[in-house]
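Chains as they are written, first to last, in my numbering: chain A, -10 to 515; chain B, 71 to 411. Backbone N, C-alpha and C define an ideal beta-carbon position, used for all residues, glycine too. As the structure is a prediction and not an experimental result, all values here were calculated from the model. Following: one structure in structure tokens, then a few remarks.
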Ligand code: SF4
Ligand code: SF4
């Protein structure tokens, strides 16, 4: 038995997972329309490489990765591209995004697939393959997997496969582990090869005994020395940093990456797609999604990317009093802007909500400093202080008290007897701080530009004044040299010249003074 | 707009406060058993005053009234204050103290969650400074004095200040065990002699020690129900024990044993119910230890060398002042910032 560590805090909300684990994963039938966003991953949006009217095959590249952190997007089935335009997608920003609309032809006809033996390829080649197959993290953040494999000279000791699935209601990883453990294990072995990791650990919460058994069985059959570790069921045990802490005892330093301490983490479903991509040549075209909450048939579906969520919800038979949908779990999920948005690679769960299932929170009371939130916080923060700073807009203090180490897990809100929506305050404070930093950067740039321009003006003025002075001196000298008395016309010209010079000097002088004043006010204003 | 987390633990401020009120019941029951029902009158008076003052202040401050009256926090202040005042006291004493506690010490600082001082202890401090006479006449435990009042006679005194013919207040009341100890020590009697007096029981004062057991019982319930954490009671009683123990070991004739300190005055009540007030105590565990240890030290010093009968209230208020500083210097290490490397 491996000695487990633990992290501070955590909560035990009712898991509500059994509803959706009663039946096997079902394949969602082909919908009549797919909406495939070009930006389903963290990083740069993929560049469309098809045009409206094109006929595409299943698995054909339609979005080319563009930039270092980016990933490919493919046609989930064969059919015709009927539109490439902005559509509403499930994103916290609520902004529309570039999507391809695909009308399936029903044949589900594949492009040519090319399976590879990963052992014959170099690491950069494998990374490129994953990137071109659109493999991204399926745990929620959708970070391109190839980027997580580009570790440079860092030595990875432990590869962790995250099957904790700590959020209530969500069971897609659980069902995947139960039913497709073999491919997960193969994928894990490929990831291990690419990272050259010393050990492979699966972190699975102990409320999933079937999944643990299935993984163990698959490992035994393939004769690998991976280690499945049953970890205590506590939310947010599946958050990467907390999971790493439980399994290895190491704490990822604030602002650092797991690879800095020799650990890398992938979701079990990501390992599954790695296996499909390399061993079968299949890009990431579908994923498992839990449909649960206020539905008659809570179940996991394997659905194509781009499937409209209302289509899936209909398969789950949402009840009539459903008043909204959450993408993700009840702790950290995001409310869907509309039920017509498509499934994306990050869609792990759809929860239908109703007033009965998720009653309106009670009105919030003042914070009584009871520190239940402190006891629950897995990041060892003082949520009540962060809340105080956020609501009084003392952002500097919030930052000093490690606001940015908050993982927005919501454990504090869950336990707060005053029902304060704490996480909302943290999100607000974080976005305010980010916006201000952005503004400051812009202002800094503008100031530098302004100062540079001022400097140039002054230099030019100085040069002009110098030239004038030189000419004046020359004229003076000429006057002295000339014995001839000046004609009245010449005298008049000279007087005119003098007056103009005087005027220029005055103007130059006053503008120099003004700039000096501006500069000092700017400095004291800082 | 819905936002996550969508779910929350079924808990509320009013449920927490209610549990604290319930935890006070065993101690109150003991109190009634030994001193008669007068204390129930003070508790009722204090409760009514607290709720009406709270409502009035909320109205003046234009805050919603119903949710705050239902949070039970004003009741808790009322009960704690009533338990600190002599039960056979004129009605206005309770009313003035409670109204001050709620209006000034709580609402003027911003109401629930914003009071830097424990309101009940502010109320107590104001009363003992303004009305020292009334505040030190404690009802003697039943059976210890010759004259005893019936409940109706007690009510007559509380509300109208009339005592039955030929009965004086002094015949009914006595100084508290702590006070008596101090006075007699000044008369150069030894601790052993003094403790032989009838007002003393097994460990502390006769009767009041039983109330302390009741509060201890309720306090243990609060610990078990995780309403409070162990830090404050343990650090408070532990420090009090150690300091009293050292003095006692050095000079047992002049310094009473540590357990006496635990079971007299408001030590137990303070350890579990007063110092643990979340609003006016530190939010860090290390801070709680320092806060409670400091309060214990001050309690002992005030009791032993100061001019007031008990030290819990002033110790609490003095430590309340230092809470922000204590909290600032006892911040725990954040995840990922634990080692310097
Ligand atoms: S749990 Fe809520 S009421 Fe308690 S300290 Fe935290 S924020 Fe304040
Ligand atoms: S949301 Fe942030 S502050 Fe609240 S418990 Fe999670 S990490 Fe701590």
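Here's the rule I'm using: 16 or more other beta-carbon atoms within 10 Å means buried, otherwise exposed. How should residue 482(A) be labelled? Classification of residue 482(A): exposed, given that the 10 Å Cβ count is below 16.
When 44(A), 271(A), 340(A) are compared against residue 286(A), the one with the closest alpha-carbon: 340(A) is the residue among 44(A), 271(A), 340(A) whose C-alpha sits nearest the C-alpha of residue 286(A).
Residue 59(A) - partner residues in DSSP beta bridges: 33(A).
Using a Cβ cut-off of 8 Å (strictly closer), state whether residue 403(A) contacts chain B. Closer than 8 Å to some Cβ of chain B, the Cβ of residue 403(A) qualifies, so yes.
Pair every Cβ in the stretch 312 to 332 of chain A with every Cβ in the stretch 94 to 112 of chain A, then say whether three or more of these pairs are closer than 8 Å. No, the stretch 312 to 332 of chain A is not in contact with the stretch 94 to 112 of chain A.
Which value, in whole angstroms, describes the spacing of the CA atoms of residue 43(A) and residue 366(A)? Taking the straight line from one Cα to the other gives about 51 Å.
Taking the beta carbon of residue 588(A) as the centre, do at least 16 other beta carbons fall within 10 Å, making it buried, or is it exposed? The displayed coordinates of chain A run from -10 to 515. Any statement about residue 588(A) would go beyond what the structure contains.
Residues in its own chain within less than 7 Å of residue 237(B) by CB, not counting five upstream and five downstream? Taken in chain order, the residues that qualify are 217.
Quick one: what's got a C-beta closer than 6 Å to residue 240(A)'s C-beta in the same chain, skipping five residues either side? For residue 240(A), the CB contacts under 6 Å within the same chain, skipping 5 residues up- and downstream, are 234 in chain order.
Please classify residue 288(A) as buried or exposed, where buried requires at least 16 other C-beta atoms within 10 Å of its C-beta. That one is buried.
Three-state secondary structure (DSSP) at residue 149(B)? Helix at residue 149(B).
Assuming residue 302(B) contacts residue 358(B) (C-beta within less than 8 Å), just tell me the rounded distance between them. With a beta-carbon spacing of about 5 Å, residue 302(B) and residue 358(B) fall inside the 8 Å limit used to define contacts.
Given this structure, state the Cα-to-Cα distance separating residue 336(B) from residue 382(B), to the nearest angstrom. Taking the straight line from one Cα to the other gives about 6 Å.
CA nearest to the CA of residue 112(B), picked from 350(B), 99(B), 200(B), 160(B): Taking the Cα of residue 112(B) as reference, the smallest distance to any Cα among 350(B), 99(B), 200(B), 160(B) is reached at 160(B).
Between residue 282(A) and residue 346(A), which are expected to be in contact by the criterion C-beta below 8 Å, what is the C-beta distance as a whole number of angstroms? That belief holds up - the Cβ atoms of residue 282(A) and residue 346(A) are roughly 6 Å apart, short of 8 Å.
Alpha-carbon spacing of residue 14(A) relative to residue 91(B), whole angstroms: Taking the straight line joining both Cα atoms gives about 52 Å.
Segments assigned beta strand (DSSP E), at least 3 residues, entirely inside the stretch 207 to 240 of chain A: Runs of the beta strand (DSSP E) lying entirely within the stretch 207 to 240 of chain A, each at least 3 residues long, are 216 to 220 in chain order.
Identify whether residue 374(B) lies in helix, strand or coil by the three-state DSSP scheme. Collapsing the DSSP output to three states places residue 374(B) in a helix.
Going by DSSP, name the residue or residues bridged to residue 194(B). DSSP, once it has assigned bridges, lists no residue as partnering residue 194(B).
For residue 420(A), is the beta carbon positioned less than 7 Å from some heavy atom of ligand 1? Flag unset: Cβ of residue 420(A) not near ligand 1.
Quick one: any contact between the stretch 187 to 197 of chain A and the stretch 151 to 164 of chain A, if contact means 3 or more CB pairs under 8 Å? With three or more CB-CB distances shorter than 8 Å, the stretch 187 to 197 of chain A counts as touching the stretch 151 to 164 of chain A.
Using 8 Å as the Cβ pair cut-off and three pairs as the minimum, do the stretch 400 to 409 of chain A and the stretch -5 to 3 of chain A touch? Using a Cβ-Cβ distance cut-off of 8 Å, the stretch 400 to 409 of chain A and the stretch -5 to 3 of chain A are in contact, since at least three pairs of beta carbons, one from each stretch, lie closer than that value.
Taking all protein chains shown into account, do 16 or more other C-beta atoms lie within 10 angstroms of the C-beta of residue 408(B), making it buried, or fewer, making it exposed? The residue in question, residue 408(B), is exposed, as its Cβ has fewer than 16 Cβ neighbours within 10 Å.
Within 8 Å of any Cβ in chain B, is that where the Cβ of residue 358(A) sits? Closer than 8 Å: yes.
Going by other Cβ atoms of all chains shown within 10 Å of its Cβ, with 16 needed for buried, is residue 32(B) buried or exposed? Here chain B covers residues 71 to 411 and nothing more, so residue 32(B) does not appear.
According to DSSP, is residue 283(A) helix, strand or coil? Here residue 283(A) sits in coil by DSSP.
CB-CB under 7 Å to residue 472(A), same chain, minus the five flanking residues each way: which ones, in chain order? Here the model assigns residue 472(A) a pLDDT of 47, short of 50, so the residue's position is not dependable, and the following value carries that caveat. Within the same chain, residue 472(A) has no close Cβ partners at all.
Can you check whether the CB of residue 281(B) is closer than 8 Å to the CB of residue 399(B)? The Cβ atoms of residue 399(B) and residue 281(B) lie no closer than 8 Å to each other.
Assigned exposure category for residue 403(B) - 16 Cβ within 10 Å defines buried: With fewer than 16 other Cβ atoms within 10 Å, it is exposed.
Does at least one heavy atom of ligand 1 sit under 7 Å from the Cβ of residue 236(A)? No; taking the cut-off as 7 Å, the Cβ of residue 236(A) has no heavy atom of ligand 1 nearer than that.
heavy atom of ligand 1 below 7 Å from residue 373(A) C-beta: Checking the Cβ of residue 373(A) against ligand 1 gives yes.
Fully enclosed by the stretch 404 to 471 of chain A, which beta strand (DSSP E) runs are 3 residues long or longer? Listed in chain order, nothing qualifies, since the stretch 404 to 471 of chain A has no complete beta strand (DSSP E) run of 3 or more residues.
Between the alpha carbons of residue 117(A) and residue 30(A), how many angstroms are there, rounded? Distance between the alpha carbons of residue 117(A) and residue 30(A): 16 Å.
Quick check: is the beta carbon of residue 240(A) nearer than 8 Å to any beta carbon in chain B? Taking 8 Å as the threshold, the shortest C-beta distance from residue 240(A) to chain B falls below it.
Beta-carbon separation of residue 172(A) and residue 261(A) under 8 Å? Yes, these two residues count as a Cβ contact at 8 Å.
Does any CB atom of chain B fall closer than 8 Å to the CB of residue 230(A)? So yes, residue 230(A) belongs to the interface.
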